[in-house]
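Student: The structure follows.
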Amino acid sequence: MVSDISEHNYDSDESIGSSEENSYNIPPTIFFKNQTLSYFVAEPLRMLYNFSDLKNECLVDGNPRAHYIEGLLQYFQCRKSIKGLDHLRSIHEMETMIMVPIFMVF
Numbered sequence: 001m002v003s004d005i006s007e008h009n010y011d012s013d014e015s016i017g018s019s020e021e022n023s024y025n026i027p028p029t030i031f032f033k034n035q036t037l038s039y040f041v042a043e044p045l046r047m048l049y050n051f052s053d054l055k056n057e058c059l060v061d062g063n064p065r066a067h068y069i070e071g072l073l074q075y076f077q078c079r080k081s082i083k084g085l086d087h088l089r090s091i092h093e094m095e096t097m098i099m100v101p102i103f104m105v106f
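Numbering (full-length UniProt numbering) for the sequence shown: 1 to 106.
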């Protein structure tokens, strides 16, 4: 028996939840570059252990938040300060500037 919310319910109204912009036509490079990743900024270890493929795709496509997360992971978790600082520095070299608070405890 197929439920009403199943993906196999072909009688459903496709206008529900749609928007004027069709997100299926976005090229992958634009998609990964523009992901907000705000959930992972708050919990970078979750991205390290559970979502490394997503992180790597976002890094390849130049997502500044992915570089921020990778910088934190490399600096604090992996104890690779040079690599971590390189990722954090690369955020400012990208065309898209974002405001990312960086808190360091010495």
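Just so you know, even glycine gets a beta-carbon here, dropped at the ideal spot from N, CA and C.
By Cβ distance below 6 Å, which residues in the same chain neighbour L72 in space, the five residues on each side in sequence not counted?
Tutor: P44, listed in sequence order.
Student: In whole angstroms, what separates the C-alpha of H92 from that of P27?
Tutor: Going from the Cα of H92 to the Cα of P27 covers about 24 Å.
Student: Given this structure, state the Cα-to-Cα distance separating H67 from Y24, to the nearest angstrom.
Tutor: Approximately 25 Å between the Cα atoms of the pair.
Student: Spatial neighbours of Y75 within its chain, please: C-beta separation below 7 Å, excluding the five flanking residues on both sides.
Tutor: Here the set comprises S81, G84 and L85.
Student: To the nearest angstrom, how far is it from the Cα of I69 to the Cα of T29?
Tutor: Distance between the alpha carbons of I69 and T29: 19 Å.
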